[in-house]
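These notes are about the structure you will find just below.
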Amino acid sequence: MEHRHQAHAEDPDEFWESFYAERDQIWSGRPNAMLVRELSGLRPGKALELGCGEGADAIWLAEQGWQVTGLDMSGLALRRAARHAQEAGVMDRIHWHRQDLAGWEAGQQYDLVCAQFLHSPVELPRNAILAAGARAVSPGGQLLIVGHESFPPWSKHPKPEQALPTAAELATELGLDGPAWILETVDSVERDVTGPDGVSGTVTDSVLRARRLVL
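Using numbering that gives the first Met the number 0, read the sequence shown as starting at 0 and increasing by one per residue.
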């Protein structure tokens, strides 16, 4: 749900619908590199993605054999995701659901809960959503959170009042450094990015993967 656009609607549902309506395709259609790095080879089960957008990560998971539920606030993004899943031949392995994530709580548990770049220029209680995602991980299951530690200079995201958390800081904020979890990956990864005017830069992403213990 990360993006580079100036916020122009205060209501999150309206904002994200308007955002996806600007172009026929917003994202590349390729799965997130850190998702692939962290989850390749895991035995598939039931997966939940928070903020699935146009569906590339959920589709990759389905191609690996996961049964996936993808949640997003934008109905337009989900319709595109469903079309892409059909084109990829995995429509029967993914359930798409439009969901306001603020105040959301899962009704079941999953073997994997993931969120890639769950950031928003309009109000979004990110940590509360991620904490709800952690509660939805079944014993023995995995939680994967990939996010920004920095934004590129051209980003239209408002400057955060505090620095964006590292993976270790986020683990502490979510209580994942306690006895119920094993931290499998706590990482900062730099990558080169190119802005809308061809300007290049470097950003740092945080990668946090934790496994809930069977107590």
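Quick reminder that beta carbons are idealized off the backbone N, C-alpha and C, glycines included. Keep in mind it's a predicted model, so treat the numbers as computed, not measured.
Could you round the C-beta distance between residue i and residue j to whole angstroms and report it? I think they count as a contact, below 8 Å.
| i | j | result |
| --- | --- | --- |
| residue 203 | residue 183 | With 8 Å as the limit, residue 203 and residue 183 do not qualify as a contact, their Cβ atoms being about 20 Å apart. |
| residue 211 | residue 137 | 7 Å |
| residue 52 | residue 76 | 5 Å |
| residue 148 | residue 187 | 6 Å |
| residue 192 | residue 151 | 5 Å |
Please state if the CB of residue j and the CB of residue i are separated by a distance shorter than 9 Å.
| i | j | result |
| --- | --- | --- |
| residue 111 | residue 44 | yes |
| residue 117 | residue 50 | yes |
| residue 70 | residue 92 | no |
| residue 166 | residue 144 | yes |
| residue 173 | residue 146 | no |
| residue 55 | residue 46 | no |
| residue 114 | residue 84 | no |
| residue 104 | residue 134 | yes |
| residue 109 | residue 139 | no |
When the Cα atoms are used, what is the spatial distance from residue i to residue j?
| i | j | result |
| --- | --- | --- |
| residue 89 | residue 80 | 11 Å |
| residue 86 | residue 66 | 17 Å |
| residue 99 | residue 122 | 12 Å |
| residue 168 | residue 37 | 19 Å |
| residue 201 | residue 128 | 27 Å |
| residue 94 | residue 78 | 11 Å |
| residue 82 | residue 181 | 37 Å |
| residue 197 | residue 34 | 26 Å |
| residue 68 | residue 176 | 27 Å |
| residue 209 | residue 32 | 18 Å |
| residue 130 | residue 48 | 14 Å |
Within 10 Å of its beta-carbon, does residue i have 16 or more other beta-carbons around it, so buried, or fewer, so exposed?
| i | result |
| --- | --- |
| residue 171 | exposed |
| residue 107 | exposed |
| residue 206 | buried |
| residue 199 | exposed |
| residue 214 | exposed |
| residue 73 | buried |
| residue 40 | exposed |
| residue 29 | exposed |
| residue 132 | buried |
Original post:
What alpha helix (DSSP H) runs, 4 residues minimum, are completely inside the segment 67 to 118?
Top reply: 74 to 87
Subject >> Contained alpha helix (DSSP H) runs [length at least 4] in the segment 28 to 70, N- to C-terminal order >> reply: 32 to 38 and 55 to 62
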